[in-house]
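Notes to accompany the following structure.
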Amino acid sequence: MERIERIDIHPTHTHGEFKLRAGRPLPFGATQMEGGVNFSISSRHASTCTLVLFKKRQSEPMAEIPFPDEFRIGNVFAIVVFGLDYEGIEYGFRMEGPYDPREGHRFDPTKILLDPYAKVIGGRDAWGTEVNWNDIYQHRGRIVFDDFDWGSDRPLEIPTEDLIIYEAHVRGFTRHASSGVKHSGTFAAIREKIPYLKELGVNCIELMPIFEFDEFENSRTHPETGELLLNYWGYSQVGFFAPKAAYAATGKFSMQVDELKALIQDLHNNGIEVFLDVVFNHTAEGNENGPTISFRGIDNQSYYMLTKEGYYYNFSGTGNTLNCNNPMVRNMVLDCLRYWAAEYHIDGFRFDLASILGRDPWGAPLSNPPLLENLAFDPILSKCKLIAEAWDAGGLYQVGSFPSYGRWAEWNGKYRDAIRKFLKGDMGLVGEMAQRIQGSPDLYWWRGPTASINFITAHDGFTLADLVSYNQKHNEANGENNNDGGNDNDSWNCGWEGPTDDPEINTLRCRQLKNAVAILMVSQGVPMILMGDEIARTQQGNNNAYCHDSELSWMDWTLLKSNADLFRFFKNCIAFRKVHAVLRNRTHLRNQDYVESGYPDISWHGVRAWQPDWSGTSRTLAFMLCGKHANNGKTQDNYIYVVMNMYWEAQMFELPGLPPGMQWHVSTNTIAPPPEDIWEPGREPLVKDQQQFLVGPRSVVVLVGK
Amino acid sequence: MEINVKSIGQVTVVEISGDIDSNTAPQAQEQVLPLVQPESKILLDMSGVEYMSSAGLRVLLSMYRQIARQNGGIVLVGLGEEIKDTMSVTGFLNFFTTRDTVDEGLQALS
Chain E
72 MERIERIDIH PTHTHGEFKL RAGRPLPFGA TQMEGGVNFS ISSRHASTCT
122 LVLFKKRQSE PMAEIPFPDE FRIGNVFAIV VFGLDYEGIE YGFRMEGPYD
172 PREGHRFDPT KILLDPYAKV IGGRDAWGTE VNWNDIYQHR GRIVFDDFDW
222 GSDRPLEIPT EDLIIYEAHV RGFTRHASSG VKHSGTFAAI REKIPYLKEL
272 GVNCIELMPI FEFDEFENSR THPETGELLL NYWGYSQVGF FAPKAAYAAT
322 GKFSMQVDEL KALIQDLHNN GIEVFLDVVF NHTAEGNENG PTISFRGIDN
372 QSYYMLTKEG YYYNFSGTGN TLNCNNPMVR NMVLDCLRYW AAEYHIDGFR
422 FDLASILGRD PWGAPLSNPP LLENLAFDPI LSKCKLIAEA WDAGGLYQVG
472 SFPSYGRWAE WNGKYRDAIR KFLKGDMGLV GEMAQRIQGS PDLYWWRGPT
522 ASINFITAHD GFTLADLVSY NQKHNEANGE NNNDGGNDND SWNCGWEGPT
572 DDPEINTLRC RQLKNAVAIL MVSQGVPMIL MGDEIARTQQ GNNNAYCHDS
622 ELSWMDWTLL KSNADLFRFF KNCIAFRKVH AVLRNRTHLR NQDYVESGYP
672 DISWHGVRAW QPDWSGTSRT LAFMLCGKHA NNGKTQDNYI YVVMNMYWEA
722 QMFELPGLPP GMQWHVSTNT IAPPPEDIWE PGREPLVKDQ QQFLVGPRSV
772 VVLVGK
Chain X
38 MEINVKSIGQ VTVVEISGDI DSNTAPQAQE QVLPLVQPES KILLDMSGVE
88 YMSSAGLRVL LSMYRQIARQ NGGIVLVGLG EEIKDTMSVT GFLNFFTTRD
138 TVDEGLQALS
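If you're matching them up, the sequences are chains E and X in order.
Quick note on this note's numbering: the first sequence kicks off at 72 and runs consecutively.
Quick note on this note's numbering: the second sequence kicks off at 38 and runs consecutively.
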């Protein structure tokens with residue numbers, strides 16, 4: 072059917088050669104429309120606004136179009152410019168308004184400002200390319216094509232309790248020469264590694280920040296080594312709506328949006344969810360000495376938390392703090408997450424320093440933070456997983472108490488700390504271990520085990536291999552005299568600091584790695600592993616490798632061959648978890664028999680069955696999961712018995728009896744040399760002596776009763 | 038950019054040469070989309086195309102959707118290595134049958 076022509080495709084105003092009409096305030100940002108582009112931007116305190124247009128990559132603007140006064144509605148400037156080449160232009164704004172830092176205003180009309188809603192950002196199109204610092208407009212808004220053909224894809228909605236998360240850095244995952252991919256360090260390369268992720272068995276990849284950032288922010292040369300140190304991790308956003316161009320093989324063609332979507336679609340096709348690590352606590356503009364990129368020049372007083380004197384609060388440890396509970400900023404965060412969920416089919420978000428999102432504009436923690444509540448109840452986000460890093464750099468620590476609204480999960484820092492201490496043989500931990508293994512009901516008693524993201528390592532801190540190889544951090548390569556990075560690592564080097572040829576130490580380290588992942592995979596809650604831990608990736612003891620775009624931080628794929636046994640161990644641990652519903656309960660265990668199986672859902676044991684040693688000097692703990700209680704008794708599973716002996720000598724453990732007709736089989740025994748350290752699910756050999764089992768020094772044993 | 042259209046048997050062969058970007062994509066769309074008829078078979082010979090922008094990729098996908106809706110068939114022939122790689126990385130290649138030569142393309146459509 073022929074359509075009647077819309078009447079808003081006709082210009083009403085002109086500016087030089089440009090034909091214009093009043094724009095629509097919503098949606099914010101630059102939107103393609105018939106015959107033109109709708110630009111919309113808000114500022115509460117600007118008096119005038121000018122649209123600045125560039126031809127792509129040109130140093131000088133091709134036009135500056137002041138918004139006619141009648142194009143402003145409320146605090147929103149909106150304009151349609153007709154006849155623009157969507158692909159050939161870049162846009163920014165100039166804003167006039169007061170310069171009065173004490174009052175929070177820092178307008179500067181000499182600066183060209185990036186649109187906070189820019190969906191594509193140019194200027195750092197290829198990673199590490201030398202920057203022209205004389206460019207008057209460093210990070211340039213471009214027009215997005217947002218019409219990707221998703222076919223029948225949508226977010227996977229895997230039940231949270233079934234997730235196994237793999238935390239990865241887009242560039243670091245495949246940048247190493249050994250990765251064997253075509254476009255190393257890119258979204259496209261992750262696609263090539265999907266078979267690897269599937270073989271490992273993870274069903275969720277959590278990407279460290281992928282919003283546009285400037286790898287040259289605070290870049291510097293190490294005074295001794297001469298190494299160029301970059302902002303490699305990217306926890307510092309230039310814009311929240313645009314994927315990092317330099318993470319795309321097609322960034323040079325501005326096709327990063329399509330490339331990322333193609334990756335997500337392919338991951339979904341392979342049963343793998345995609346989580347984004349999002350950093351809403353601060354921006355790349357730093358403090359009053361930082362660059363004016365966007366927010367500072369658009370509406371400093373609204374976007375940032377400011378002291379009474381007009382200085383920047385620094386709850387993020389990076390110079391400024393985004394004013395997340397200002398209603399306008401709150402809307403931007405919500406718009407942003409909705410955009411990623413709806414337009415990119417993102418399955419979940421992990422919020423960096425999320426406690427900041429619960430502070431009021433003056434920094435005080437709120438009991439009912441509107442932003443967190445909005446996100447929890449938003450209809451578009453309602454199936455997205457929301458995960459908080461439940462602390463900030465301003466001293467707020469909310470593990471167990473983050474406002475959750477029944478929706479938010481947390482990075483369980485207490486899980487990490489307890490497992491690390493128990494692993495290295497600290498005393499006084501068995502009571503806490505019982506909580507951590509059950510999904511931390513002491514912290515999340517009404518939220519359930521899925522509130523607990525269990526991890527032993529993450530990007531912050533040691534890799535797993537370094538956790539068992541170093542007592543101290545070794546961050547000299549960061550150029551800060553080893554002062555940066557955490558000191559409370561709870562690590563143990565097994566007898567020698569760093570690499571060694573001592574076979575005894577290396578054997579013990581290898582066993583400790585296996586102990587760690589074995590415990591992680593039999594814990595209730597959601598396990599997360601760090602990129603490369605499955606092949607013992609090392610950072611040479613560096614526990615804060617944020618500035619190293621080098622082999623120090625990249626995943627070395629040759630380790631897959633040299634540490635094939637460890638990879639196989641990880642793979643089978645994950646497979647074991649996936650097979651056994653009794654390890655993945657949605658609600659907390661009750662320590663009771665409520666299905667009349669004759670066994671509690673979980674029971675505790677020691678060297679004597681049914682007699683756990685809860686004493687302060689104990690370093691051993693065993694537990695049995697009753698298969699008839701899986702999924703609240705709705706699923707029938709095997710019985711599982713786990714023994715953790717972190718004592719330095721072997722101990723004989725009496726085995727609890729099974730129901731008639733069942734027998735114990737060995738799934739995992741970390742003291743046994745490969746391939747007998749772990750068995751594929753379903754192929755576990757029978758335990759010869761059904762009465763007792765000798766558990767080696769510093770070892771974990773997992774038995775299956777069937 | 039230039040477009041030549043000819044028929045070989047039942048197949049409409051469209052030869053495109055030059056760059057397909059936001060300047061030329063509207064023209065390409067205008068010339069090529071009307072060729073799509075119920076059950077039409079279209080061979081797009083791209084051996085003369087050196088660069089395709091996002092807009093160019095979208096012209097191809099529009100064609101694909103229109104052809105699919107009308108139970109037709111489309112084959113892309115002679116894609117340069119870089120264009121093919123770009124199409125693969127951005128997901129567009131998933132939609133298309135590709136062949137190296139026109140003869141192979143005709144065979145694929147028969």
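Beta carbons are placed, not taken as given, at the ideal position from N, Cα and C, and that holds for glycine.
Keep in mind the model is a prediction, meaning the values are calculated, not measured.
Mind checking whether residue i and residue j have CB atoms under 8 Å apart?
i	j	result
Gly117(X)	Val96(X)	no
Ile645(E)	Val328(E)	no
Cys120(E)	Phe164(E)	yes
Val350(E)	Tyr306(E)	yes
Asn716(E)	Arg769(E)	yes
Trp563(E)	Lys495(E)	yes
Ala316(E)	Asp196(E)	yes
Met83(X)	Leu113(X)	yes
Met100(X)	Val73(X)	yes
Asn703(E)	Gly776(E)	no
His240(E)	Met602(E)	yes
Assign residue i to one of three DSSP states: helix, strand, or coil.
i	result
Tyr306(E)	coil
Arg409(E)	helix
Cys581(E)	helix
Val126(X)	helix
Lys454(E)	coil
Ile79(X)	strand
Ile645(E)	helix
Tyr382(E)	coil
Thr389(E)	coil
Val139(X)	helix
Gln47(X)	coil
Leu300(E)	strand
His545(E)	coil
Asn716(E)	strand
Asp79(E)	helix
Thr292(E)	strand
The alpha helix (DSSP H) with residue i in it runs from where to where?
i	result
Cys778(E)	A query on residue 778(E) cannot be resolved here, the shown segment of chain E reaching from 72 to 777 and no further.
Leu631(E)	630-633
Lys332(E)	327-340
Return the first residue and the last residue of the beta strand (DSSP E) that residue i is part of.
i	result
Gly776(E)	770-776
Asp348(E)	344-349
Ala480(E)	479-482
Thr85(E)	84-86
Thr781(E)	Nothing can be reported for residue 781(E), as the shown portion of chain E is limited to 72 through 777.
Counting only C-beta atoms, is residue i closer than 8 Å to chain C at any point?
i	result
Ala413(E)	In the structure shown, chain C does not exist; the protein chains are E and X.
Cβ-based contacts, 8 Å cut-off: residues of the segment 335-351 of chain E near chain X: In summary, the residues of the segment 335-351 of chain E whose CB is separated from some CB of chain X by less than 8 Å are Gln336, Asp337, in the order they occur in the chain.
Against chain E: residues of the segment 87-99 of chain X by CB proximity under 8 Å: If you check each beta-carbon in the segment 87-99 of chain X against every beta-carbon of chain E, the ones closer than 8 Å belong to Ser90, Ser91, Ala92, Leu94, Arg95, Leu98.
Members of the segment 126-138 of chain X that neighbour chain E once the beta carbon cut-off is set at 7 Å: Cβ contacts with chain E: Val126, Thr127, Gly128.
The segment 364-376 of chain E contacting the segment 435-455 of chain E, beta-carbon criterion three pairs below 8 Å: No: fewer than three Cβ pairs fall under 8 Å.
Chain E contacts made by the segment 56-85 of chain X, where a contact means CB separation under 8 Å: Those would be Asp58, Ser59, Asn60, in chain order.
Contact residues within the segment 182-206 of chain E, judged by C-beta distance below 7 Å to chain X: Within the segment 182-206 of chain E, no residue has its Cβ closer than 7 Å to any Cβ of chain X.
Residues within the segment 307-326 of chain E neighbouring chain X, beta-carbon criterion of under 9 Å: For chain X, the residues of the segment 307-326 of chain E that bring a beta carbon within less than 9 Å of one of its beta carbons are Ala319, Ala320, Thr321, Phe324, Ser325, Met326, in chain order.
Within 7 Å of chain E by C-beta, residues of the segment 103-127 of chain X in sequence order: Cβ contacts with chain E come from Thr123, Val126, Thr127.
Touching by the beta-carbon criterion (3+ pairs, under 8 Å), the segment 631-651 of chain E and the segment 267-284 of chain E: Contact between the segment 631-651 of chain E and the segment 267-284 of chain E is present, because at least three Cβ pairs lie under 8 Å.
Selection of the segment 237-267 of chain E by Cβ proximity to chain X, strictly under 9 Å: Within the segment 237-267 of chain E, the residues whose Cβ lies closer than 9 Å to some Cβ of chain X are Lys253, His254, Thr257, Phe258, Ala259, Arg262, listed in chain order.
Touching by the beta-carbon criterion (3+ pairs, under 8 Å), the segment 449-466 of chain E and the segment 422-431 of chain E: Look at the beta carbons and you see the segment 449-466 of chain E touching the segment 422-431 of chain E: at least three pairs across the two are nearer than 8 Å.
Three CB pairs or more closer than 8 Å across the segment 242-261 of chain E and the segment 535-551 of chain E: No, they do not touch.
The segment 727-745 of chain E contacting the segment 52-62 of chain X, beta-carbon criterion three pairs below 8 Å: Counting Cβ pairs under 8 Å, fewer than three are found: no touch.
Stretch-stretch touch, CB-based, cutoff 8 Å, three pairs: the segment 232-241 of chain E with the segment 646-663 of chain E: Three or more beta-carbon pairs separated by less than 8 Å link the segment 232-241 of chain E to the segment 646-663 of chain E, which places the two stretches in contact.
Where the segment 147-179 of chain E meets chain X: residues whose CB sits under 8 Å from a CB there: Those residues of the segment 147-179 of chain E placed with their C-beta closer than 8 Å to a C-beta in chain X are Asp156, Tyr157, Glu158, Gly159, ordered along the chain.
Chain-ordered residues of the segment 74-98 of chain E with a beta carbon less than 9 Å from chain X: Residues: none.
Chain X contacts from the segment 208-226 of chain E (Cβ-Cβ distance under 8 Å): Answer in chain order: Phe216, Asp218, Phe219, Asp220.
Segment contact, 8 Å Cβ cut-off, at least three pairs: the segment 519-533 of chain E with the segment 588-598 of chain E: As far as the Cβ criterion goes, the segment 519-533 of chain E touches the segment 588-598 of chain E, which means the pair count is three or higher.
Contact the segment 189-203 of chain E vs the segment 275-292 of chain E: 3+ CB pairs below 8 Å: Enough Cβ pairs lie closer than 8 Å, so yes.
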